[in-house]
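S.K.: Have a look at this one before I ask anything.
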Amino acid sequence: MKIMIRVGIDLGADKIRLVMENEGLLFDEACMVALDQKGNVLAIGDEAKEMKESLDQKIRVISPLSQNKIDFDALHALLEQLIYDYKVFRMFKKTVLLFSYPMALNRQQREELKQHLLEFGAYRVYFEQEIWVAAIGAQLNLFIPVASCVLNLGSSNCDIAVFSNGQMQRSSQYKVAGRHVNLLIQKWLRQSCHMQISDSMAEKIKINIGQTQMQKQPKTMLVQGVNMQSQKLMSLQLDENMLVPVLYPLCEQWARWIYQFLSGLSPEQQEDVRMRGIICCGGTMLLKGLKENLQSLVNCPVYVTDDPQSTVSQGLEILLERMGENDAGR
Numbered sequence: 010m011k012i013m014i015r016v017g018i019d020l021g022a023d024k025i026r027l028v029m030e031n032e033g034l035l036f037d038e039a040c041m042v043a044l045d046q047k048g049n050v051l052a053i054g055d056e057a058k059e060m061k062e063s064l065d066q067k068i069r070v071i072s073p074l075s076q077n078k079i080d081f082d083a084l085h086a087l088l089e090q091l092i093y094d095y096k097v098f099r100m101f102k103k104t105v106l107l108f109s110y111p112m113a114l115n116r117q118q119r120e121e122l123k124q125h126l127l128e129f130g131a132y133r134v135y136f137e138q139e140i141w142v143a144a145i146g147a148q149l150n151l152f153i154p155v156a157s158c159v160l161n162l163g164s165s166n167c168d169i170a171v172f173s174n175g176q177m178q179r180s181s182q183y184k185v186a187g188r189h190v191n192l193l194i195q196k197w198l199r200q201s202c203h204m205q206i207s208d209s210m211a212e213k214i215k216i217n218i219g220q221t222q223m224q225k226q227p228k229t230m231l232v233q234g235v236n237m238q239s240q241k242l243m244s245l246q247l248d249e250n251m252l253v254p255v256l257y258p259l260c261e262q263w264a265r266w267i268y269q270f271l272s273g274l275s276p277e278q279q280e281d282v283r284m285r286g287i288i289c290c291g292g293t294m295l296l297k298g299l300k301e302n303l304q305s306l307v308n309c310p311v312y313v314t315d316d317p318q319s320t321v322s323q324g325l326e327i328l329l330e331r332m333g334e335n336d337a338g339r
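One point on numbering: in this note's numbering, the residue at position 313 of the sequence shown is 322, and numbering is uninterrupted.
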């Protein structure tokens, strides 16, 4: 009888994902929790996100990692509910939790979270930096002497690192992440069209017509929002090319940061990266034209993993499998 349960949790500011050994990805939703006035959990994930627009003042919807200061009470409530919903803790079985965490979560914060989960019932709690897990999910061999460069560009994180000989040789974090795409779209519509749109509408625009390269036959989309002057509903027909001047500067910002990072590598590491390219993951890499623009601006090959949104989750699955094999071999 299996007496050990191994669970991976990808903890991000915008998304939280739960992976269970031999079962794969079970939860992939917003990193949010809705609480009542007494602190009881009403909902987590996307259900909590939908409550955010509720006018009910008795409901508090919190993103535990959205600020520089982590809301540990909300984070504990979110994780406890997630653990309960997916029966992570079971009678007569020991549960090992493996967290993929962003660079912003420091050692003291990780230790506090670890102690809470151990007291809550976990057998063991481990942490791995998200960029490490992303590199493993990309199925790179990190133990060879040749340098491997990984870029993880998500909604709330923007990290790059170089690995070789089983170590992270150099890393960097940039303050501008994928969520700035949505913010720029909203800002542009406010300033140019006096139109206020919801966060969900900004996300739809990004997915459907978000573009960083001019197109001969641009796709169009009907966008709905509120006229900021009259406060009445309004609609606009937008196309991809209208968004290129809005979003292309983001490509330039990321490219300058990547170039600066690569310039700080040793000549041997720089040559390795020029030959092998930069391996990219994270949902923001799905932005149309981003890969091609980065490749041109940095003058270095850029490759995107097959499923950039799930690369970290896949890395967690691989690590959980390795942990099981190591325990079985003892």
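Ideal Cβ placement from N, Cα and C applies to all residues, glycine included.
Give, in chain order, every unbroken run of the beta strand (DSSP E) that is at least 3 residues long and sits entirely within the region 237–289.
M.R.: 242–248
S.K.: Using DSSP with H/G/I as helix, E/B as strand and the rest coil, what is Ser165?
M.R.: Position 156 of the sequence shown, counting from 1, holds the residue named residue 165. Ser165 falls in the coil class under three-state DSSP.
S.K.: Leaving out five residues on either side along the sequence, give the residues of the same chain with a beta carbon under 7 Å from the beta carbon of His125.
M.R.: In the sequence shown, counting from the first residue as 1, residue 125 sits at position 116. Contacts found: His85.
S.K.: Taking Pro154 as the reference, give the member of Gln148, Ser165, Ser164, Gln178 with the closest Cα.
M.R.: Residue mapping note: residue 154 aligns to position 145 of the sequence shown, counting from 1. Pro154 has its Cα closest to that of Gln178, out of Gln148, Ser165, Ser164, Gln178.
S.K.: Taking the beta strand (DSSP E) that Glu30 falls in, what are its first and last residues?
M.R.: One-based indexing of the sequence shown puts residue 30 at position 21. No beta strand (DSSP E) contains Glu30, which DSSP labels as neither H nor E.
S.K.: What residue from Gly324, Ile287, Asp82, Tyr257 has the CA that sits closest to Lys47's CA?
M.R.: Here the question's residue 47 lines up with position 38 in the sequence shown. The shortest Cα separation from Lys47 among Gly324, Ile287, Asp82, Tyr257 belongs to Asp82.
S.K.: Here's the rule I'm using: 16 or more other beta-carbon atoms within 10 Å means buried, otherwise exposed. How should Asn302 be labelled?
M.R.: On the sequence shown, residue 302 is found 293 positions in, with the first residue counted as 1. Counting Cβ neighbours within 10 Å, Asn302 comes out buried, since at least 16 surround it.
S.K.: For Ser165, which option in Ala57, Lys102, Glu128, Ala22 has the closest C-alpha, if you only look at C-alpha atoms?
M.R.: As a position in the sequence shown, residue 165 is number 156, starting the count at 1. If we check each option's Cα against that of Ser165, Ala22 comes out closest.
S.K.: Based on the DSSP secondary-structure assignment, which residues constitute the bridge partners of Lys24?
M.R.: The sequence position of residue 24 within the sequence shown is 15, counting from 1. The partner list for Lys24 (beta bridge, DSSP) reads Ala39.
S.K.: Would Lys297 and Val311 be called neighbours here (beta carbons separated by less than 8 Å)?
M.R.: The count along the sequence shown starts at 1 and reaches residue 297 at position 288. The count along the sequence shown starts at 1 and reaches residue 311 at position 302. No.
S.K.: Between which two residues does the alpha helix (DSSP H) carrying Phe129 extend?
M.R.: Here residue 129 refers to the residue found at position 120 when the sequence shown is read from its first residue. Here the alpha helix (DSSP H) through Phe129 covers 116–129.
S.K.: Looking only at DSSP bridge pairs, what is Glu56 linked to?
M.R.: Locating residue 56 in the sequence shown gives position 47, where the first residue counts as 1. Beta-bridge pairing links Glu56 to no other residue.
S.K.: So the alpha helix (DSSP H) Arg188 belongs to, where does it begin and stop?
M.R.: Position 179 of the sequence shown, counted from the start, is the residue given in the question as residue 188. For Arg188, the enclosing alpha helix (DSSP H) stretches over residues 188–202.
S.K.: Going by beta carbon distance, what residues of the same chain come within less than 7 Å of Gly33, once the five residues before and after it are set aside?
M.R.: Here residue 33 corresponds to residue number 24 of the sequence shown, with the count starting at 1. Same-chain partners within the cutoff: Glu326.
S.K.: Identify, in the order they occur along the chain, each residue of the same chain with its Cβ nearer than 8 Å to the Cβ of Asn250, setting aside the five sequence neighbours on each side.
M.R.: Numbered from its first residue, the sequence shown carries residue 250 at position 241. Same-chain partners within the cutoff: Gln220, Met223, Gln224, Pro227.
S.K.: Can you tell me where the beta strand (DSSP E) with Ile92 in it begins and where it stops?
M.R.: Along the sequence shown, one-based indexing puts residue 92 at 83. Not the beta strand (DSSP E): Ile92 falls in the alpha helix (DSSP H), residues 81–94.
S.K.: Cα separation between Glu330 and Thr293?
M.R.: The residue labelled residue 330 in the question sits at position 321 within the sequence shown. The residue labelled residue 293 in the question sits at position 284 within the sequence shown. In a straight line, the C-alpha of Glu330 is about 28 Å away from that of Thr293.
S.K.: Which residues in the same chain as Gln148 place their Cβ atom closer than 6 Å to its Cβ, once the five residues preceding and following it in sequence are excluded?
M.R.: The residue labelled residue 148 in the question sits at position 139 within the sequence shown. Counting only Cβ-Cβ distances below 6 Å, and skipping sequence neighbours, we find nothing.
S.K.: Use the C-beta contact count for Ile92: other C-beta atoms within 10 angstroms, 16 or more gives buried, fewer gives exposed.
M.R.: Position 83 of the sequence shown holds residue 92. So Ile92 ends up on the buried side.
S.K.: Within a Cβ cutoff of 7 Å, which residues of the same chain sit near Gln182, ignoring the five residues on either side of it in sequence?
M.R.: By one-based count along the sequence shown, residue 182 stands at place 173. Contacts found: Met112, Cys167, Asp168.
S.K.: Evaluate contact between the region 229–236 and the region 209–219, counting only Cβ atoms and requiring at least three cross-stretch pairs below 8 Å.
M.R.: Flag = yes, the region 229–236 and the region 209–219 touch.
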